[in-house]
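Q: Under my numbering, read the sequence shown as residues 50 to 237, first letter to last.
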Amino acid sequence: MHYQFGDYSLDTENLEIKRSGDLVALEPQVFRLIVCLIENRDRVVPKDDLIEIVWDQRIISDGALNTCLNAARKAVGDDGKTQAVIKTFPRRGFRFVAKLVEAQSGWSPTDPEALQPSDKPSIVVLPFNNLSDDPQQEFFSDGISEDLITDLSKLTGLFVVSRNTAFAYKGQTPDVGELGKTLNVAHV
50 MHYQFGDYSL DTENLEIKRS GDLVALEPQV FRLIVCLIEN RDRVVPKDDL
100 IEIVWDQRII SDGALNTCLN AARKAVGDDG KTQAVIKTFP RRGFRFVAKL
150 VEAQSGWSPT DPEALQPSDK PSIVVLPFNN LSDDPQQEFF SDGISEDLIT
200 DLSKLTGLFV VSRNTAFAYK GQTPDVGELG KTLNVAHV
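(1) Drop a sphere of 10 angstroms on the beta-carbon of residue 108, count the other beta-carbons inside from all chains shown, and report buried for 16 or more, exposed for fewer.
(2) In whole angstroms, give me the CA-to-CA distance for residue 127 and residue 55.
(3) Out of curiosity, what's the CA-to-CA distance linking residue 58 and residue 181?
(4) Assuming residue 140 and residue 94 make a contact with CB atoms under 8 Å, what is their CB distance in whole Å?
(5) Please specify which runs of the alpha helix (DSSP H), each continuous and at least 4 residues long, are wholly inside the stretch 173-224, giving them in chain order.
(6) Beta-carbon within less than 7 Å of residue 195's beta-carbon, same chain only, minus the 5 sequence neighbours each way: which residues are those?
(7) Considering residue 53, what are the terminal residues of the alpha helix (DSSP H) in which it resides?
(8) Provide the residue span of the beta strand (DSSP E) that contains residue 131, from first to last.
(9) My guess is that residue 197 and residue 174 are in contact by the Cβ rule of under 8 Å, so how many angstroms apart are they, rounded?
(10) Just to confirm, is the Cβ distance from residue 80 to residue 66 under 8 Å?
(11) Provide the residue(s) that pair with residue 151 in DSSP beta bridges, ordered along the chain.
(12) Opposite residue 59 in the DSSP bridges: which residues?
(13) Is any beta-carbon of chain D found at less than 8 Å from that of residue 78?
(14) Who does residue 138 pair with in a DSSP beta bridge?
(15) Helix, strand or coil for residue 72? Go by DSSP, reduced to three states.
(16) Based on Cα-Cα distance, which residue from 227, 88 and 219 lies nearest to residue 150?
(17) Quick check: what's the CA-CA separation for residue 69 versus residue 209?
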């Protein structure tokens with residue numbers, strides 16, 4: 050599912066949050082917390098429900114929950130005072146309160162309109178091929194590709210196509226020029 054609120058877009062399939070097209074780096078629990086609040090935006094989510102959904106019923110401290118909530122607020126440009134995105138209801142729970150738009154059902158991560166790098170440099174890292182004789186070593190070549198995508202995504206001035214979109218071309222030998230046009234990127 051793809052959600053938009055303010056300058057932010059959240060893609061549950063690619064596990065990404067972007068602000069004005071720039072990837073926002075966050076920990077998996079913080080991402081799951083934001084998704085949990087969005088998916089339950091029609092109600093106040095009690096602390097116990099958050100722990101059950103986000104932490105799979107593991108015991109966590111109130112401090113760990115507060116740290117995660119603060120990181121979620123920071124990731125979406127909110128704070129504990131304004132609470133324009135994530136609102137705290139004392140002794141009741143939390144609720145996602147920002148105006149939210151769900152993407153049309155036809156939205157696709159390879160849709161050129163969904164991949165608009167604007168005027169900043171753009172790149173897609175295609176999956177590396179396993180050149181060893183051992184097919185069980187393929188995870189090394191995949192890992193190299195994933196690490197490059199992750200590291201490049203941390204550069205704020207660079208638009209990087211997501212891993213899921215890039216890995217759709219695994220095992221293929223596409224025309225690099227055509228692929229660059231299809232994905233709306235300058236470098237492959």
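Where a beta carbon is used, it is the ideal one built from N, C-alpha and C, also for glycine.
Keep in mind it's a predicted model, so treat the numbers as computed, not measured.
A: Once the coordinates are examined:
(1) exposed
(2) 11 Å
(3) 39 Å
(4) Incorrect: roughly 13 Å between the Cβ atoms, too far for contact.
(5) 187-202 and 212-215
(6) 212
(7) Taken as a continuous stretch (DSSP letters only), residue 53 belongs to no alpha helix (DSSP H), being part of the beta strand (DSSP E) at 51-54.
(8) Neither: residue 131 is in no beta strand (DSSP E) and is coded neither H nor E.
(9) 5 Å
(10) yes
(11) 52
(12) 52 and 66
(13) Among the chains in the structure shown there is no chain D, since it carries only a single protein chain.
(14) 142
(15) strand
(16) 88
(17) 13 Å
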